[in-house]
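Letter by letter, the sequence shown follows residues 1 to 579 of our numbering.
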Amino acid sequence: MAAASSSTRFSSAMERTNQWVFSQEVPTDIIVEIGEAKFPLHKFMLVSKSGYVRRRVLECERSDLARVDLSGVPGGAETFEKAAKFCYGVNFEISVNNIATLRCAAEYLEMTDKYYEGNLAGRSEEFLAQVALKTLPGAVLVLKSCESLLPMAEDIGLVQRCVDVIALKACNESNFPTRSPAEWWATELAPLSPNSLRKVLAAMKSRGASPKTLATTVSAYAEKSLPVLLSLPTNSPTSASGDAFSHQRALLESLTALLPPDRDAPLPAGFLCCLLRAANSLSASIACRRELERRVAGALDRASSGDLLAVALDHAGDRIADLDSVRRIIAYFVEKESAAAGGGGLLYGGVSNSCSAAMQKVARTLDAFAAEIATDEDLPVSKFAAIHGALPKSARRLDDDLYRAVDIYLKAHPGLDEIEREKVCSVMDPLRLSYEARLHASQNKRLPLQIVLHALYYDQLKLRSGSFPAGDDPLVAVKRQVSAAGDAELARENAALRTELAKMRMYVTDMQKGQGSACSGSAGKGTGVKKGGTFFSSVTRTLGKLNPFKQGSKDTSHIDDGLSEVVPKQPRRRRFSIS
């Protein structure tokens with residue numbers, strides 16, 4: 001079978017050769033072998049233009065050299081066939097797609113002007129100078145072809161020539177665009193390998209390219225590669241073949257190494273988050289993933305909650321897969337902000353009174369992100385709390401957004417016990433809520449009782465002092481002060497203190513029983529009914545004032561269990577204190 005296959009290839013090469021060998025009267029006297037392909041040719045046609053074949057023939061000990069192995073020729077059998085046609089004077093097409101292999105093959109076969117004027121090497125150089133390297137797309141195609149011709153293409157200087165042309169034209173287009181869109185030139189570089197792109201970026205930088213231009217180049221290159229990098233349906237390495245998986249991972253790691261410093265060329269946060277998601281999906285090296293996390297942290301003040309979701313969610317977007325990366329990103333960001341502030345203001349347990357605008361922006365983004373992931377039924381309390389614990393409490397002027405995320409989490413996880421709900425609520429400070437948020441919290445049955453009491457206690461202190469935090473509406477504050485003594489205000493306070501009244505109900509019942517016994521003892525004097533009615537009406541009026549936060553604690557040592565005689569014209573003022 002193998003012999004038949006070899007015979008078929010021999011016949012095919014012979015048939016192709018017979019189509020352009022000009023004379024069949026002179027029998028062929030040499031067979032050129034390139035791999036499994038064989039070309040029957042004439043020695044005198046080859047040695048007249050190829051110094052390499054001439055030397056092989058002269059160095060042969062036998063005068064009748066019939067076979068020569070040229071398997072090392074760049075481009076293989078296809079390129080050698082074109083070189084052989086050139087030796088026989090047969091026309092063939094030269095294009096930007098094959099010029100690199102022809103130039104390298106001419107160098108390998110020593111088809112230079114030393115042996116023949118206007119040889120293949122000279123013709124190739126002429127085409128490169130006048131056609132292939134005249135345009136940016138042409139130079140990119142030639143450089144792409146050179147990637148499979150190393151090290152020959154580097155040795156003859158073809159790679160560097162292409163790199164210099166590409167860098168020059170890319171810099172010119174970035175400064176003075178000649179096409180629309182203005183960044184068309186960056187997408188033209190997408191076919192290059194990461195190694196070739198690295199050389200182009202270095203050449204562009206040496207020519208004075210701006211950091212923005214370098215960032216644009218890398219971003220456009222990555223956008224062409226990301227569909228391949230994100231083609232895995234799941235995070236499992238078994239979702240792709242071993243070779244494809246390794247290639248994608250190597251490509252991503254190489255791309256990460258190409259990223260310019262963020263301080264010189266800020267990259268879009270969404271782009272960096274996509275790279276990090278790909279790195280996690282492809283199980284890239286720890287160094288690669290940590291580098292991407294630090295870069296995301298550097299751009300975190302420009303990120304959105306959707307960007308963070310791209311990192312946290314699995315590939316299908318159905319569940320939370322990686323919150324640890326988000327937590328490390330926040331930690332890197334806080335570390336960077338602390339270093340920028342001199343190292344003294346922004347620590348995890350910091351109590352700084354002011355934070356940078358970037359820190360406040362990140363806090364809002366993080367709270368929106370937490371609200372998005374709070375609906376995940378499989379999200380444990382510890383991870384939900386750890387995300388918020390990564391930022392200092394001083395990063396937020398108000399905790400309203402944080403309270404919203406907490407409320408969504410409690411609503412999505414109704415089976416939490418009291419301790420777990422307290423741990424969830426520990427990430428926020430009820431005293432840092434706005435008036436509207438505190439009012440909502442005081443009526444929120446999902447919150448632990450301790451949080452409700454804190455919110456109520458804070459409001460009562462503000463009502464008592466007449467001062468209100470900066471976040472409250474002044475009109476609302478004035479309205480509360482004006483109506484504080486009215487019946488409507490008393491009704492609102494009684495509703496807000498329903499929890500305390502429920503606890504005190506037993507004490508009121510005991511007092512009623514004691515006062516009822518005293519009234520029965522004095523019924524013979526004819527005043528019991530009137531006094532009993534006066535007592536219960538006093539209790540009713542007093543229940544609206546049983547706010548321990550507003551009135552302060554009462555000393556109950558002076559309470560008199562007896563009832564004083566009532567003078568209709570000048571009734572005595574009664575006080576009832578319940579401890």
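All C-beta atoms in this analysis are idealised placements derived from N, C-alpha and C, irrespective of residue type, glycine included.
Since the structure is predicted, the reported quantities are computational estimates derived from the model, not experimental observations.
A straight line joining the alpha-carbon of alanine 321 with that of isoleucine 373 spans about 11 angstroms. Within its own chain, the residues whose Cβ lies closer than 7 angstroms to the Cβ of serine 196, once the five positions on either side in sequence are excluded, are Leu143, Glu147, listed in chain order.
Rounded to whole angstroms, the separation of the alpha carbons of leucine 402 and glutamine 443 is 17 angstroms. Bounds of the beta strand (DSSP E) holding arginine 67 are 67-69. Pairing arginine 56 with valine 68, the inter-Cα distance amounts to about 8 angstroms. Restricting attention to beta strand (DSSP E) runs no shorter than 3 residues, the region 286-326 encloses none. Under DSSP, phenylalanine 176 shares a beta bridge with no residue. Nearest neighbour of proline 151 by Cα position, chosen from Ala190, Glu107, Leu192, Met111, turns out to be Glu107.
Per DSSP, the beta-bridge partners of alanine 37 are Ile34. Rounded to whole angstroms, serine 338 and threonine 178 show a C-alpha spacing of 45 angstroms. Residue state for cysteine 355 is assigned as coil, using DSSP reduced to three classes. Contact between the region 202-222 and the region 165-179 is present: 3 or more CB-CB pairs across the two stretches fall below 8 angstroms.
Secondary structure at asparagine 91: coil, using DSSP grouped into helix, strand and coil.
Inclusion of alanine 66 and valine 73 in the CB contact set at 9 angstroms is not warranted, their separation being larger than that value.
Counting only residues of its own chain and dropping the five nearest sequence neighbours on each side, cysteine 355 has a CB closer than 6 angstroms to the CB of Ser394, Ala395. Annotation: the continuous alpha helix (DSSP H) that includes leucine 120 extends over 120-130. For glutamate 253, the closest C-alpha among the options Leu267, Leu276, Ala437, Asp243 is that of Leu276.
Assigned with DSSP and collapsed to three states, asparagine 97 falls in coil, not helix or strand.
The straight-line gap separating the alpha-carbon atoms of isoleucine 451 and leucine 410 is approximately 13 angstroms. The C-beta separation of glycine 75 from threonine 101 comes to about 3 angstroms, placing the pair in contact by the 8 angstroms criterion. Boundaries of the alpha helix (DSSP H) around isoleucine 419: 418-425. For asparagine 280, the enclosing alpha helix (DSSP H) stretches over residues 269-281. Residue ranges of uninterrupted alpha helix (DSSP H) with 4 or more members, entirely inside the region 362-421 and ordered along the chain, are 381-389, 400-412. Shortest Cα-Cα distance from leucine 251 to any of Leu282, Gly270, Phe271 involves Leu282.
By the neighbour-count definition (other C-beta atoms within 10 Å, threshold 16), glutamine 512 is an exposed residue. Proximity to isoleucine 286 across Ser325, Asp29, Phe127 peaks at Ser325, based on C-alpha coordinates. Rounded to whole angstroms, valine 47 and phenylalanine 80 show a C-alpha spacing of 14 angstroms. A residue is called buried when at least 16 other Cβ atoms come within 10 angstroms of its Cβ; proline 448 meets this threshold and is buried. With a 10 Å radius around the Cβ and a threshold of 16 neighbouring Cβ atoms, cysteine 274 comes out buried.
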